[in-house]
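Protein chains in written order, with my numbering: chain A, 1 to 143; chain B, 144 to 286. A virtual CB, placed ideally from N, CA and C, is assigned to each residue, including glycine. Report on the following structure.
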DNA sequence: ACTTACTTGCAAACGATTTGCAATTGCATT
DNA sequence: AATGCAATTGCAAATCGTTTGCAAGTAAGT
Ligand SMILES: [Mn+2]
Ligand SMILES: [Mn+2]
Ligand SMILES: [Zn+2]
Ligand SMILES: [Zn+2]
């Protein structure tokens, strides 16, 4: 799906521009993020990173996630119960449906819902800065 | 707004039915919950409780919140950043708009959004078990 | 290559919440 | 009203995910 090399290149350039040094751990973590389709948590990223460079520490993963979040390169999600999970930013906005049996995350986007959210907020005298819409459900065994 | 006495009575009866002992700390915490209009966190509840009975401990507040959540008497919300905040259950379903400047919580309900959520989930082959919709915004300085 | 500020790994600290344990209490029973 | 025992409490210590201080290592402008 994703082209790892191209995306990684962009990422690094983008970060250099933001004045962020490209270090070995950061390059590895960025690579992992651009190749993954799921929403891994810090520990999962750490495990994948260690496989590529055994000297990487969990603290560095956490620090890097926070840095990338700050510069807007990734997005953090605090789904119910578990630890924070991450995904690369850059794609279009979307919300998530979490399979409560497997933990799988399905992305979706509803412009109608987005618009209604704005209307609701405006009616209450507010403007939305950001929002969080998470559906927790189970696969319906469609005959 | 709320009638403390009537609501408290109901609560206790409801709990007795569920086989829960009505202890002094529990009675106090229930009283606090039925009188409050906001969405206090455990520490806020603890502070208010201590004012009524200085011997109450924070652990008991946490244990009680968990118990009440389990029996369905209260609802827990994990808004962005902060600790869990609670509200008594029993009212109709609603979602929340959080004022990112003050932390104030405004409740709202949109049947149109609720319906669209169901449609989205069904289209993805899922049935919603529960969901979380939180709008984070700031008051718009209306002309 | 030299310099220096930025990063790292490690271990210890963190904040919210949970838990083990011995002492206390609710309440069903006499 | 007194008894008995499991449920509940307060306290301190433990837990979990995450952050941080620090001394050592490194990116990258010169
Ligand atoms: Mn996503
Ligand atoms: Mn509410
Ligand atoms: Zn959305
Ligand atoms: Zn809703």
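Nearest-angstrom Cβ-Cβ length linking residue i and residue j, presumed shorter than 8 Å
i              : j              : result
residue 61(A)  : residue 46(A)  : 5 Å
residue 76(A)  : residue 101(A) : With a Cβ gap of about 24 Å, residue 76(A) and residue 101(A) do not count as contacting.
residue 128(A) : residue 279(B) : 7 Å
residue 237(B) : residue 257(B) : So it is not a contact: roughly 10 Å between Cβ atoms.
residue 130(A) : residue 117(A) : With 8 Å as the limit, residue 130(A) and residue 117(A) do not qualify as a contact, their Cβ atoms being about 11 Å apart.
residue 228(B) : residue 182(B) : 4 Å
residue 226(B) : residue 184(B) : 5 Å
Check: residue i C-beta below 7 Å from any heavy atom of ligand 4
i              : result
residue 274(B) : yes
residue 39(A)  : no
residue 96(A)  : no
Alpha carbon of residue i to alpha carbon of residue j, nearest angstrom
i              : j              : result
residue 73(A)  : residue 49(A)  : 18 Å
residue 146(A) : residue 59(A)  : Absent from the model: residue 146(A). The displayed extent of chain A is 1 to 143, so no value can be given.
residue 1(A)   : residue 22(A)  : Only weak support exists for where residue 1(A) lies, its pLDDT of 42 falling under 50; the coordinates are left without a value.
residue 52(A)  : residue 64(A)  : 16 Å
residue 124(A) : residue 283(B) : 9 Å
residue 156(B) : residue 179(B) : 20 Å
residue 186(B) : residue 214(B) : 21 Å
residue 56(A)  : residue 31(A)  : 14 Å
residue 120(A) : residue 265(B) : 24 Å
residue 96(A)  : residue 197(B) : 44 Å
residue 88(A)  : residue 29(A)  : 11 Å
residue 163(B) : residue 177(B) : 18 Å
residue 142(A) : residue 276(B) : 27 Å
residue 160(B) : residue 224(B) : 36 Å
residue 169(B) : residue 212(B) : 13 Å
residue 269(B) : residue 235(B) : 24 Å
residue 66(A)  : residue 233(B) : 39 Å
residue 247(B) : residue 11(A)  : 37 Å
residue 7(A)   : residue 24(A)  : With a pLDDT of only 44 at residue 7(A), under the threshold of 50, the placement of this residue in the model should not be trusted, and no figure is reported.
heavy atom of ligand 2 below 7 Å from residue i C-beta
i              : result
residue 277(B) : no
residue 127(A) : no
residue 212(B) : no
residue 287(B) : The shown model of chain B, from 144 to 286, leaves out residue 287(B), and the question about it has no answer.
Per-residue contacts from residue i into chain A (C-beta, under 9 Å)
i              : result
residue 280(B) : 121, 124, 126, 127, 128, 129, 130, 131
Closer than 7 Å: residue i CB and nearest ligand 1 heavy atom
i              : result
residue 35(A)  : no
residue 156(B) : no
residue 87(A)  : yes
Partners in chain B for residue i, counting only beta-carbon separations shorter than 7 Å
i             : result
residue 71(A) : Ordered by position in chain B, no residue passes the 7 Å Cβ test against residue 71(A), which lies about 19 Å from the chain.
residue 97(A) : 264, 267, 269
Host beta strand (DSSP E) of residue i (start-end)
i              : result
residue 74(A)  : 74-77
residue 125(A) : No beta strand (DSSP E) holds residue 125(A); DSSP gives it neither H nor E.
residue 241(B) : 238-242
residue 228(B) : 228-231
residue 250(B) : 248-251
Closer than 7 Å at the beta carbon, the chain A residues around residue i
i              : result
residue 251(B) : 120, 124
residue 285(B) : 125
residue 277(B) : 131, 132
Beta-carbon neighbours of residue i, restricted to chain B and to distances below 8 Å
i              : result
residue 100(A) : 272
residue 113(A) : 256, 259, 260, 263
Start-to-end residues for the alpha helix (DSSP H) that takes in residue i
i              : result
residue 21(A)  : No alpha helix (DSSP H) contains residue 21(A), which DSSP labels as neither H nor E.
residue 211(B) : 201-213
residue 48(A)  : 42-52
Check: residue i C-beta below 7 Å from any heavy atom of ligand 3
i              : result
residue 80(A)  : no
residue 93(A)  : yes
residue 114(A) : yes
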